[in-house]
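Just so we're aligned, residue 1 is where the sequence shown starts under the UniProt record's numbering, counting upward by one. Worksheet: one structure, shown below.
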Amino acid sequence: MQNSTGFVSEALFSILNRTLFIPVSAAFTLLGILSNLANIIVFAKLNQKDSMTTCFIALAVSDLLYSLFALPTLIGGILFESGIRILNSILIRSLLSFGFVNCKPLFHKISITITTFMSIERSLCVMRPFLVRQVFTRRRVIVILVAIFLLLTAWFMPVMVSVELVWKYTFNKTASVATLRGTSRHAFLQELIFLSTGFPLVFTTQVVITISSIVMITGLKSHLKFRQAASISTTMRNNYKHRTTREYRESKPEEQVSKSEPETKQNAPKGSGESTGEHDTCTPQNTDDLTSTRQFSAHEEQPSSPSLHLERNLTSTKTQAVTSSEAAPSKEYRLIKTVLVLAVMHVVLNSPAMIIFVVRNIVPGFGITGRYQHIFRISGLTTSLSFALNGMLNAFVYLRLNEKYKLMFKKIFCNA
């Protein structure tokens, strides 16, 4: 056993790697594969032909590919640490661990770029909704996503092809076996890729996502206030029209009655005084009834407290306006909230990679072969664990914030 290097010994690192990092990472990676497969199936079944659904599918595809290439590396680590002799040749172990490990950063960077694009698109949509909907159509978004996949794949391709199959002599079998190893340019290309797309890309995307999140929150609040003010104005205008129409309809029968009074007097019989007396006694009685009815209706229409009546009208108007303004942008609000949660989750779970890069350039010996190599390797395993967790949690975000996704998910997988 080696002496302790830094603060973590070889034995402690081996125990942590066997019992904690490899099993937990394998579980998260397997759940990530299942959850992203579910995301692709559910969004495909929904058949929503909008730009954000296309982005969600592309993000699920990139996370799925990352998990598919991360799982063989974990299987190779489990075989190496456990000493299982089944399928434990050097070629298979190197293929599982060394061959696929170069593909993991590619799809992780693709996921980062897609998340950044979604945040920018949503923030611009909040600020200029009509313009963005015309610019970021579904066809153009598909072109942008395909370009992201192709450009990053072309950038990572030199590292992935700088692997060769060679014969290596092993002392255990006293024979030469086939194995994979990097070429002479592999280390240089890997360092170049890390310096160009490692810290710079992660740092830039986190800054852009943070700014986009602030813009989304601010723009959404101002947008909701504007809609609420417009709804209050529209509701007050409609209430005024309704009240004017109602007063006109209530006053119309009174005008008809007042017009019919002269006709009644003209058509009255001019015979005997008895008939005239009957008419004289009936007419004042009907007039008094009509006057009392008018006074009662006028008293009923006139409020006892004008300020209280106005306050009640304004309160009911604001309540109706708030209800209509909250009901209208419900879909937009949920969509922006979904992108916000994905963006915040991305920033939090990608922070360890930034911290490792900064510490690696500040602390001497913090590297693969330095004094603190085991701490560096543990931090690298923690970063891989956070990446696997990031790809797994997207499905739970959709289940919580997307009602259509939730209903379709239950219909497909729960038979509900």
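Every residue, glycine too, gets a C-beta built ideally from N, C-alpha and C.
The C-beta distance from T54 to I142 rounds to 6 Å, short enough to meet the 8 Å contact threshold. Going by beta carbons, M160 and L335 fall outside the 8 Å limit. In this model, A26 and I75 are separated by some 8 Å (Cα to Cα).
In this structure, the beta-carbon distance from N39 to A395 falls below 8 Å. When only Cα atoms are considered, S111 and S62 end up about 6 Å apart. Going by DSSP, Q190 is part of the alpha helix (DSSP H) stretching over H186 to T197.
Collapsing the DSSP output to three states places V163 in a strand.
Rounded to whole angstroms, the Cβ separation of F203 and M354 is 6 Å, and the two are in contact under 8 Å. If you draw a straight line from the Cα of C103 to the Cα of K225, it is about 47 Å long.
Counting other Cβ atoms within 10 Å of its Cβ, T113 reaches 16 or more and is therefore classed as buried. By the C-beta criterion, the region 350-370 is judged to be in contact with the region 189-206, since at least 3 inter-stretch pairs fall below 8 Å.
Contact between I209 and T116 holds, since their C-beta atoms are separated by about 6 Å, short of 8 Å. For K49, there is no enclosing alpha helix (DSSP H), as DSSP marks it with neither H nor E. Residue environment for V146: exposed (fewer than 16 other C-beta atoms within 10 angstroms of its C-beta).
Under the DSSP assignment, N361 falls in the alpha helix (DSSP H) whose first and last residues are S351 to I362.
Sequence-distant Cβ neighbours of V341 in its own chain, meaning closer than 6 Å and more than five residues away, are V397. Taking C-beta separations shorter than 6 Å and ignoring five residues to either side along the sequence, the partners of V215 in its chain run S123, following chain order. Three or more beta-carbon pairs drawn from the region 372-392 and the region 28-35 are found closer than 8 Å, and the two stretches are therefore classed as touching.
Considering only Y66, N36, P105 and P23, the residue with the shortest C-alpha distance to L195 is P105. DSSP, reduced to helix, strand and coil, places N390 within a helical segment of the structure shown. Under the three-state reduction of DSSP, T369 is assigned to coil, being neither helix nor strand.
Annotation for F117: the continuous alpha helix (DSSP H) segment containing it runs K104 to M127. Secondary structure remark: continuous beta strand (DSSP E) runs of at least 3 residues inside the region 134-159: none found. Inter-residue distance for V358 and N47 is about 44 Å (C-alpha atoms, whole angstroms). Excluding residues up to 5 positions away in sequence, G182, T183, R185, H186 and L189 lie with their Cβ nearer than 7 Å to the Cβ of S162 in the same chain. The straight-line gap separating the alpha-carbon atoms of A60 and K45 is approximately 14 Å. In the assembly as shown, M157 is an exposed residue. Its beta-carbon has fewer than 16 other beta-carbons within 10 Å. Annotation for F413: the continuous alpha helix (DSSP H) segment containing it runs E403 to F413. For S213, the number of other beta carbons within 10 angstroms of its own is at least 16, and it is reported as buried. Classified as buried, P72 has 16 or more neighbouring CB atoms from the shown chains inside 10 Å of its CB. Under a 10 Å Cβ-count criterion, N36 is classified as buried, with 16 or more other Cβ atoms of the shown protein chains found around its own Cβ. Separation of the CB atoms of I378 and F13 is rounded to 7 Å, and the pair is thereby assigned contact status at 8 Å. For the pair I15 and I78, the CB atoms are not nearer than the 8 Å cut-off. Under the three-state reduction of DSSP, T183 is assigned to coil, being neither helix nor strand. DSSP places F13 in the uninterrupted alpha helix (DSSP H) bounded by E10 to L16.
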